[in-house]
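Respectively, the protein sequence lines represent chains W and C. Following my numbering, the numbering of the first sequence begins with 71 at its first residue and continues without gaps. Following my numbering, the numbering of the second sequence begins with 486 at its first residue and continues without gaps. Everything below concerns the one structure shown next.
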Amino acid sequence: MTGKQFRLIAIVAISVLFLAAWIFPIVWSVLNSLKTDGDVLAYPPKLIFAPTLDAYRDVLFGSASILPNLVSSFIISIGTTVITMLMAVPAAYALARLRFRGKAFAGFYVLATQMLPPVGIIIPYFLILRNIGWIDTYQGIILIYLSFSLPFAIWLLVSYFEDIPFEMEEAAYLDGASRLRTLWRIIIPQVRGGIAVTIVFVFLNAWNEFLFAVVLSGNTVRPVTVAMFNFVSVEQTLWAKLAAVSVLAMLPVVILGIVAQKHIVKGLTVGAVKGGGRR
Amino acid sequence: MSGSATTSEAVSGVALAAGPNSLDRAKDRKERRFAAALLAPAFLALLATTTFPLMFLVWTSTFRMDLAMPFADGFVGLRNYSDLLADPRFWSSLSVSLIYTASTVVLQVALGLALALLVMDLKRSQGLFRVIAILPVVLSPAVVGMIWRTFMLAPEFGIIDYLAINAGLGSKNWLGDPTLAMISVIVIHTWQWTPFAFMVLLASLASLPEDIYEAARLDRASAWQRFVRITLPLLRPAIVMVVIMRTMVALTAFAAIFTVTAGGPGTATEILNLYAYRKSFTELSIGYGSALAVALLIVTLLISGGLFALRRAK
Numbered sequence: 071m072t073g074k075q076f077r078l079i080a081i082v083a084i085s086v087l088f089l090a091a092w093i094f095p096i097v098w099s100v101l102n103s104l105k106t107d108g109d110v111l112a113y114p115p116k117l118i119f120a121p122t123l124d125a126y127r128d129v130l131f132g133s134a135s136i137l138p139n140l141v142s143s144f145i146i147s148i149g150t151t152v153i154t155m156l157m158a159v160p161a162a163y164a165l166a167r168l169r170f171r172g173k174a175f176a177g178f179y180v181l182a183t184q185m186l187p188p189v190g191i192i193i194p195y196f197l198i199l200r201n202i203g204w205i206d207t208y209q210g211i212i213l214i215y216l217s218f219s220l221p222f223a224i225w226l227l228v229s230y231f232e233d234i235p236f237e238m239e240e241a242a243y244l245d246g247a248s249r250l251r252t253l254w255r256i257i258i259p260q261v262r263g264g265i266a267v268t269i270v271f272v273f274l275n276a277w278n279e280f281l282f283a284v285v286l287s288g289n290t291v292r293p294v295t296v297a298m299f300n301f302v303s304v305e306q307t308l309w310a311k312l313a314a315v316s317v318l319a320m321l322p323v324v325i326l327g328i329v330a331q332k333h334i335v336k337g338l339t340v341g342a343v344k345g346g347g348r349r
Numbered sequence: 486m487s488g489s490a491t492t493s494e495a496v497s498g499v500a501l502a503a504g505p506n507s508l509d510r511a512k513d514r515k516e517r518r519f520a521a522a523l524l525a526p527a528f529l530a531l532l533a534t535t536t537f538p539l540m541f542l543v544w545t546s547t548f549r550m551d552l553a554m555p556f557a558d559g560f561v562g563l564r565n566y567s568d569l570l571a572d573p574r575f576w577s578s579l580s581v582s583l584i585y586t587a588s589t590v591v592l593q594v595a596l597g598l599a600l601a602l603l604v605m606d607l608k609r610s611q612g613l614f615r616v617i618a619i620l621p622v623v624l625s626p627a628v629v630g631m632i633w634r635t636f637m638l639a640p641e642f643g644i645i646d647y648l649a650i651n652a653g654l655g656s657k658n659w660l661g662d663p664t665l666a667m668i669s670v671i672v673i674h675t676w677q678w679t680p681f682a683f684m685v686l687l688a689s690l691a692s693l694p695e696d697i698y699e700a701a702r703l704d705r706a707s708a709w710q711r712f713v714r715i716t717l718p719l720l721r722p723a724i725v726m727v728v729i730m731r732t733m734v735a736l737t738a739f740a741a742i743f744t745v746t747a748g749g750p751g752t753a754t755e756i757l758n759l760y761a762y763r764k765s766f767t768e769l770s771i772g773y774g775s776a777l778a779v780a781l782l783i784v785t786l787l788i789s790g791g792l793f794a795l796r797r798a799k
């Protein structure tokens, strides 16, 4: 074997090892979700077994159904996404395209808000929402989700607005179109792709959030990431059901992640070029 | 942004040449008003959900506020902060935070860079790597934590434990032993976020100019020399960016530790963020919890200030 061949084999072997490490916990959860309670506890662990959808049937339609929690997750994520986009699109356009005093400061402010640790937001907001009776409500959770979704969406959208050629806007003005009309008819269609990508990431971040959800949720509003805990207690873990719930919680974000795969690096690093930022 | 500024200057320059000055100023005022109208909703929401809570947090941190014993509540000035400095659990959580952050960030960058370099040599299957790498990073850290806690690490059930038994190490209490628990939460975070460093660094590597490497090869530079002299300096901005972003996230990591160990056993994996949460929402000492959150903000600002200085330094 030549040195070059050996090198290639080593590269492939190490890379495959990494791939396996990344994919295994996910695949293993999927496999466990398709097992019976007997198969899931088998020792040594079973790779070959008769798959069944019992666990899914139980967690979706059984006595402790997590269907309401999935609905909660969807309402929270969609609500957050809609409100965030309604506010972020105009703001991002202004930051990217208009001239006004204090623009640099406004951009910096949007980034700086992300330095505040989430726990520092939830402590005061818990007190406030408790006083106005908004604990365990959709409006309470969606309001607080704006604290991380808005800065993220604004910065991601700014990067798309900055890519449109200026000439299009000028042509519209010269035709006598109003600013708002130009924004709506000329600019927005140009950044449709960017808006779609932003929607995907805002939804994803809202779906995955946990700290705010665990503090603010209750019996009415409890997203699936929090409800997952119903299946693990000190006395016993309901293995197959927990696996099924995990898979259901992963499914929407995995689909979105694969749909948006070309944009994922941009989505993950937005704002970083200009400052700090968390995911 | 600089591009937009020059273009709009050019536009107003045209207006200046064509019409009287007052027209130009009226146009500017109109643009400012339009900008203010567009920005107002988002900025009001940001003020309400970030700046206002920050001020309220600092205010709360000067009170004794105990939801379990409301009768003892009252203004205490800086008492919470002096208590904090004398609190061994604060110092322990701070050191857990620093160990957790430093080790996860170093591991993510080192592994991510190594893998990106390896994959650059694979011509055909890069696409597969890019898709697989997306999976961990889009998952909720809470779900990731739950999967690891159960299917990977549960004694005599999890795969890691199964492998340990077969390797002759015996079954371990992965989350019950302080050292193993700390290693476990570090491994879990590294597992989830190394793909992020990998994707960013791979994208950066792919954009490096090929001709420099050709020149280096002609000069008979060894692979190691090429890496140290060319690749690393060119990747530096990307590496520093990954370090900054991942440091901020690791300092405020919550879900993956909360679901796996909840900070335990004892306080072995309790990072400062988790301590502030537990103090506020488990022990219901909101005032002291607020002081801890302010301390976390100060630590975050200090560390990010240092990292930004590193980014500017040549």
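Idealized CB from N, CA, C, for every residue including glycine. This one's a predicted model, so the numbers in the text were calculated from it and none came from an experiment.
Point to revise | Partner residues on chain C for W/V267, Cβ-Cβ distance less than 7 Å | key: Simply none; closest approach about 13 Å.
Practice item. Please report how far the alpha carbon of C/V496 lies from the alpha carbon of C/A794, in whole angstroms. Key: With a pLDDT of only 45 at C/V496, under 50, the local geometry of the prediction cannot be trusted, and no value is derived from it.
Practice item. State the Cα-Cα distance for the pair C/T785 and W/V110, rounded to the nearest angstrom. Key: 43 Å
Check your understanding: Within 9 Å (strictly less), CB to CB, does C/S610 reach chain W?
Key -> yes
Check your understanding: From the beta carbon of C/T562, is the nearest beta carbon of chain W less than 9 Å away?
Key -> Strictly speaking, residue 562 of chain C in this sequence is Gly, with Thr absent from that position. No, its Cβ sits nowhere closer than 9 Å to a Cβ of chain W.
Check your understanding: Taking the Cβ atom as the reference point for each residue, do C/G597 and C/T679 lie within a distance shorter than 9 Å?
Key -> yes
Exercise for review: Flag C/K657 as yes if its beta-carbon sits less than 9 Å from any beta-carbon of chain W, otherwise no.
Suggested key: no
**Study point:** Any C-beta of chain W under 9 Å from that of C/G791
**Key:** no
Exercise for review: Verify whether the separation of the beta carbon atoms of C/L648 and C/N658 is less than 9 Å.
Suggested key: no
Check your understanding: Using the beta-carbon of each residue, which ones in chain A are nearer than 8 Å to C/Y585?
Key -> No chain A appears in the structure shown, which is made up of the protein chains W and C.
Point to revise | Own chain residues within Cβ distance below 6 Å of C/S689, not counting five before or after | key: L720, A723
Practice item. Could you tell me the boundaries of the alpha helix (DSSP H) in which C/N758 lies? Key: 757-762
Point to revise | Cβ pair W/F231, W/L165 closer than 9 Å | key: yes
Check your understanding: Buried or exposed: where does C/R634 fall if 16 or more other Cβ atoms within 10 Å of its Cβ makes it buried?
Key -> buried
Point to revise | Own chain, CB closer than 7 Å to C/I697, minus 5 neighbours either side, in chain order | key: I715
Review point. Would a C-beta distance cut-off of 9 Å place C/G630 and C/V745 closer than the cut-off?
Key: yes
Practice item. Determine the chain C residues that contact W/A313 at a beta-carbon separation under 9 Å, and present them in chain order. Key: I632, T635, F636
Exercise for review: Taking C/L781 as the reference, give the member of C/L570, C/P694, C/R564, C/S669 with the closest Cα.
Suggested key: C/L570
Point to revise | W/K311 classed as buried or exposed, judged by whether at least 16 other C-beta atoms fall within 10 angstroms | key: buried
Check your understanding: Which residues does DSSP pair with W/V302 in a beta bridge?
Key -> W/T307
Review point. With burial defined as no fewer than 16 other Cβ atoms inside 10 Å of the residue's Cβ, what is the status of C/Q677: buried or exposed?
Key: buried
Review point. For chain W, is any of its Cβ atoms less than 9 Å away from the one on C/A798?
Key: no
Point to revise | CB contact flag (W/S217, W/L186, <9 Å) | key: yes
Review point. Between C/L592 and the rest of its own chain, which residues show a CB-CB distance below 8 Å, the 5 nearest in sequence each way excluded?
Key: I671, T675, T679
Practice item. In angstroms with no decimal places, state the Cα-to-Cα distance between W/I191 and W/D233. Key: 34 Å
**Study point:** Three-state class that DSSP yields for C/D551 in the structure shown
**Key:** strand
Review point. Of the choices C/L787, C/T767, C/I742, whose alpha-carbon is the least far from that of C/Y585?
Key: C/I742
Exercise for review: Report the three-state DSSP secondary structure of C/G559 (helix, strand or coil).
Suggested key: strand
Point to revise | Spatially closest choice to W/F170 from C/I783, C/A521, C/A778, C/T752, by CA coordinates | key: C/A521
**Study point:** Reference W/L89, options C/A700, C/S765, C/E641, C/A618, closest by Cα
**Key:** C/A618
Check your understanding: Around the C-beta of W/F76, are 16 or more other C-beta atoms found within 10 angstroms, so that it is buried, or is it exposed?
Key -> exposed
Review point. Over what stretch of residues does the alpha helix (DSSP H) that includes W/N201 continue unbroken?
Key: 188-201
Check your understanding: Taking DSSP as the reference, what is the three-state secondary structure of W/S133?
Key -> coil
Point to revise | Backbone secondary structure at C/S707 - three-state DSSP | key: coil
Check your understanding: Would W/G264 count as contacting chain C if we go by Cβ distances under 9 Å?
Key -> no
Practice item. Return the residue from the list C/T536, C/K515, C/F614, C/A511 that minimises the CA-CA distance to C/A682. Key: C/F614
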